[in-house]
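According to numbering that gives the first Met the number 0, numbering within the sequence shown proceeds without interruption in unit steps and concludes at 354.
Okay, structure first, notes after.
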Amino acid sequence: MSDFEKKIIEFKSRLNSTQDSNEIELIRTDIFSKNGFLNSQFKKLGSLSEDEKKTFASNINKAKQELLEIFRVKASEVSDRDLYEKIKKEKVDVTLPEKEFKIGKIHPVSQVIDEISCIFSEIGFSVEEGPDVENDYNNFTALNTPEDHPAKDMHDTFYLDENMKTLLRTHTSPVQVRTMLKGKPPFKIIAPGRTYRSDSDQTHTPMFHQLEGLHIDKNINMGHLKGCLNYFIKEFFEVDKIKMRFRPSHFPFTEPSAEVDIGYRIEKNKIIIGEGDKWLEVLGCGMVHPNVLKNCKVDPKNYQGFAFGIGIDRLAMLKYGINDLRSFFECDYRWLNYYGFDPLDVPTNYRGLSK
Ligand code: DAH
């Protein structure tokens, strides 16, 4: 028997007898690698005569095929067995106490809702909620929205029936209606929640969050609205002074209506809120329209008040330096881990909101 044949037999028996993946890898290198046995044999071909070359080359190739076949079978057998052992070892007994656990994070939107609720509760507002699925009356009609208003268009609103009577609420304003219809004035509430519109790009998502505010009493005027919003913005951005302006606007449910801008500037790529000569729109507001009060069984001769609507996601982005609105809703654990908040650090008025 030639040395070549002896070597092949030795390899086959090494392969057949091993049960170890490291050993298999060693044998693979010994046989098939660049400096392995087979290549060293191929290199010998150059020094042989034509006839010897043919026979020897065919012997090497035959041996190579055989070894490859044995190798494949063995490697897969051992890796299957390893996997089985691993699975058996890693079996989890769910009744055992947790050894290592990851702390979840509070989503920035939830954090901001908690912060805002804190701020308004300090000046006597309570929190109301309304359903995401609303009727046309609460969402539009009671809020003095004319039949031909563009917001009622199918392209903007998600209707849930053919008659366009049920829909996903397009704003949190219907909570004003629900609150007034179920109680007696005075009213002093905020209502955070999900809202829906048929819109999607970097600054719009089909689902977003708003916060509604409503204060109805006997002598409420625009001065109260201004004071309230000024207090809120200062507290929210945790600054002592805030530059803000009221711009005349139009909403069917308020008269007069205004939009509020806050001043800001950019410094070293960071946005500084409350100062500077640039303006950013943050909310819509106004004095509740007498028709809305009537629709909600409140006598506009005795009662009046203000309302406002704030985009929560926008405020969260501004306060916490988040650029793309869509990332809020992607459920990416890494993102949440970075931008999220410690669940034990609940915002409070006395201990602080976010610091
Ligand atoms: N509902 C309005 C919107 O979604 C926002 C708004 C504006 C709410 C003025 C109000 C208000 O209560 O008074 O665009």
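For every residue, glycine included, the Cβ atom is placed at its ideal position computed from N, Cα and C.
Cβ-Cβ distance between residue i and residue j below 9 Å
| i | j | result |
| --- | --- | --- |
| H203 | R193 | no |
| V259 | L292 | no |
| L317 | F236 | yes |
| E274 | L352 | no |
| F252 | T144 | yes |
| F305 | L180 | no |
| N218 | Q303 | yes |
| P185 | D216 | yes |
| L424 | I115 | Any question about residue 424 goes unanswered here, given that the chain covers just 0 to 354. |
| K187 | S256 | no |
| L210 | I272 | no |
| I8 | T17 | no |
| A141 | V176 | yes |
| M243 | I232 | yes |
Contact set for residue i: own chain, Cβ-Cβ below 7 Å, skip 5 residues either direction
| i | result |
| --- | --- |
| N138 | L166, R168, T169 and P173 |
| L369 | No statement about residue 369 is possible, as the shown extent of the chain runs from 0 to 354 and does not include it. |
| L14 | I26, I69, F70 and K73 |
| S20 | V77, S78 and D81 |
| E254 | G285, M286 and H288 |
| W334 | S326 |
| I402 | Examination of residue 402 is not possible in this model, given that the chain is present from 0 through 354 alone. |
| N348 | C117 and E121 |
| K240 | G273 |
| L279 | D260, I261 and Y263 |
| A62 | I7 |
| Y338 | P107, Y319 and I321 |
| V297 | M179, P184 and I215 |
| V238 | I272 and G273 |
Sequence-distant residues of the same chain with beta carbon closer than 6 Å to residue i, five excluded per side
| i | result |
| --- | --- |
| F119 | I189 |
| F307 | G212, L282 and C284 |
| E127 | V174, T178, I188 and A190 |
| K90 | none |
Sequence-distant residues of its chain with Cβ nearer than 8 Å to residue i (five each side left out)
| i | result |
| --- | --- |
| P299 | P289, L292 and K293 |
| F10 | I26, D29, I30, F36 and L66 |
| K277 | G262, Y263, R264 and I265 |
| G320 | K269 and I270 |
| S159 | Looking at the sequence shown, residue 159 is not Ser but Leu. Taken in chain order, the residues that qualify are V132, T165, L166 and L167. |
| D331 | none |
| D198 | D155, T204 and P205 |
| Q201 | D323, L324 and R325 |
| N336 | K104 |
| V345 | D113 |
| S32 | N38 |
Where residue i falls, given that 16 or more other Cβ within 10 Å makes a residue buried
| i | result |
| --- | --- |
| D147 | exposed |
| I86 | exposed |
| T156 | buried |
| C295 | buried |
| L343 | exposed |
| H154 | exposed |
| G129 | buried |
| S12 | exposed |
| R196 | buried |
| D135 | buried |
| L47 | exposed |
| P205 | exposed |
| P363 | No statement about residue 363 is possible, as the shown extent of the chain runs from 0 to 354 and does not include it. |
| Y83 | exposed |
| T357 | A question about residue 357 goes unanswered here, because the residues of the chain that appear run from 0 up to 354. |
Cβ distance (whole Å) where residue i is taken to contact residue j below 8 Å
| i | j | result |
| --- | --- | --- |
| V108 | I311 | 6 Å |
| F340 | K104 | 6 Å |
Residue-chain proximity (residue i, chain B), Cβ-Cβ < 9 Å
| i | result |
| --- | --- |
| N268 | Checking the listed chains, one finds no chain B in this structure; it contains a single protein chain. |
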